[in-house]
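Below, the structure written as structure tokens:
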């Protein structure tokens with residue numbers, strides 16, 4: 001069954017949560033001028049990686065990446081899937097803790113952090129327990145409800161823009177490439193496309209439509225950076241933990257019945273993030289279930305969720321969240337490059353072997 005539009009929506013929704021929250025602070029911290037160069041480079045890498053991943057998957061219809069690696073041998077499964085599991089768990093820990101942090105900053109200042117994290121984990125776990133079809137149906141519902149709010153919030157964010165902050169446009173060097181902040185910015189890309197390699201046994205999708213969705217997201221990457229920059233300037237924007245959220249909090253509309261437009265943005269993106277967490281939980285549980293086939297998938301989901309929650313409770317402040325992100329750098333780039341290009345290599349090899357057998 002072709003569910004290209006469901007896949008496109010899932011990719012777009014999960015990407016937006018990272019684009020508006022984590023991505024701006026990393027890009028703004030990595031360079032003081034010519035931010036478009038850093039953004040363009042990241043987007044180009046993302047498009048190449050996703051294309052390579054989908055091209056490789058196309059050689060293995062109805063197979064997920066677990067079956068692909070196991071088909072090569074247990075050594076390949078261990079080499080690629082073990083780091084992938086660790087990466088997915090770390091991303092979930094960072095995501096839950098970070099979004100709990102911003103929720104307390106914006107509108108739940110008196111609510112304990114453990115309660116917010118528990119809520120995020122509980123809802124995401126419930127969605128995961130209902131299976132991949134439930135995750136995608138939830139994504140469709142969230143897109144209908146919240147995408148208009150995202151577009152509305154973005155459109156009114158031009159209220160206090162000063163185009164003089166756009167300059168200088170060009171850079172004289174590429175020193176930002178080695179800065180930790182820029183390396184962290186690739187977290188906006190590394191985890192989102194992986195689900196494409198897990199859903200093939202359940203339904204198919206068209207690569208062209210996924211690539212179109214990537215192109216449609218490009219303006220949001222630029223807006224998430226340049227709207228805070230053009231409103232506050234580089235010097236001020238670089239001091240914020242969440243630049244785009246701070247931008248939205250400055251917007252004032254007389255005819256709007258709500259005092260704070262930030263609530264629209266935050267509620268929308270938190271729902272997208274819970275969807276992202278659900279998908280990652282499902283991916284991790286699928287891998288672990290193949291190693292422990294006698295254990296029910298739902299039990300694994302609950303165990304992984306409990307582990308993530310306990311780890312989140314052990315993170316005391318934002319500095320520790322940033323430390324987790326730095327520790328995850330190696331795994332992030334391993335997943336970003338090794339997984340897609342290994343799948344592409346195995347796909348090309350299988351096609352060549354098939355041609356040799358047919359000759």
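Numbering (the numbering used here), first residue to last: 1 to 359. Don't be surprised by glycine CBs; every beta carbon is placed ideally from N, CA and C.
Identity of the residues DSSP links to residue i by a beta bridge
i: residue 305; result: Answer by DSSP bridge pairing: none, since residue 305 is not bridged.
i: residue 124; result: Beta-bridge pairing links residue 124 to no other residue.
i: residue 204; result: 2
Per-residue burial, residue i [other beta carbons within 10 Å of its own, 16 or more giving buried]
i: residue 53; result: buried
i: residue 192; result: buried
i: residue 69; result: buried
i: residue 46; result: buried
i: residue 71; result: exposed
i: residue 285; result: buried
i: residue 48; result: exposed
i: residue 299; result: exposed
i: residue 61; result: exposed
i: residue 29; result: buried
i: residue 361; result: This structure cannot settle anything about residue 361, because the visible part of the chain is limited to 1 through 359.
i: residue 253; result: exposed
i: residue 39; result: buried
i: residue 363; result: Outside the displayed span of the chain (1 to 359) sits residue 363, for which this structure offers no information.
i: residue 243; result: buried
i: residue 295; result: exposed
i: residue 103; result: buried
Nearest to residue i (by Cα), restricted to the options the options
i: residue 84; options: 320, 282, 323; result: 282
i: residue 167; options: 339, 31, 2; result: 31
i: residue 124; options: 105, 15, 309; result: 309
i: residue 319; options: 88, 273, 97; result: 97
i: residue 265; options: 327, 156, 338; result: 156
i: residue 89; options: 353, 279, 293; result: 279
i: residue 217; options: 33, 43, 36; result: 43
i: residue 331; options: 80, 161, 201, 274; result: 80
i: residue 158; options: 250, 91, 299; result: 250
i: residue 432; options: 35, 56, 3; result: What is shown of the chain runs 1 to 359, which leaves residue 432 out entirely.
i: residue 94; options: 323, 306, 67; result: 323
i: residue 136; options: 75, 237, 198; result: 198
i: residue 375; options: 78, 73, 51, 107; result: Since the first and last residues shown for the chain are 1 and 359, residue 375 lies out of range.
i: residue 200; options: 151, 109, 133, 169; result: 133
i: residue 234; options: 271, 26, 207, 41; result: 26
i: residue 171; options: 304, 345, 353, 33; result: 33
i: residue 352; options: 303, 102, 9, 56; result: 56
Between the segment 19 to 36 and the segment 178 to 197, do three or more beta carbon pairs fall short of 8 Å? yes
Touching or not, the segment 310 to 321 and the segment 214 to 230, by the rule of three or more beta carbon pairs under 8 Å? no
Which full runs of the alpha helix (DSSP H) of 4+ residues lie inside the segment 95 to 181, going along the chain? 113 to 129, 132 to 155
Which runs of the alpha helix (DSSP H) at least 4 residues long sit entirely within the segment 211 to 278? Give them in chain order. 234 to 237, 243 to 249
Three CB pairs or more closer than 8 Å across the segment 10 to 18 and the segment 174 to 184: no
Answer yes if the segment 270 to 278 comes into contact with the segment 118 to 135, meaning at least three C-beta pairs across the two stretches below 8 Å, and no otherwise. yes
Touching or not, the segment 2 to 14 and the segment 140 to 148, by the rule of three or more beta carbon pairs under 8 Å? yes
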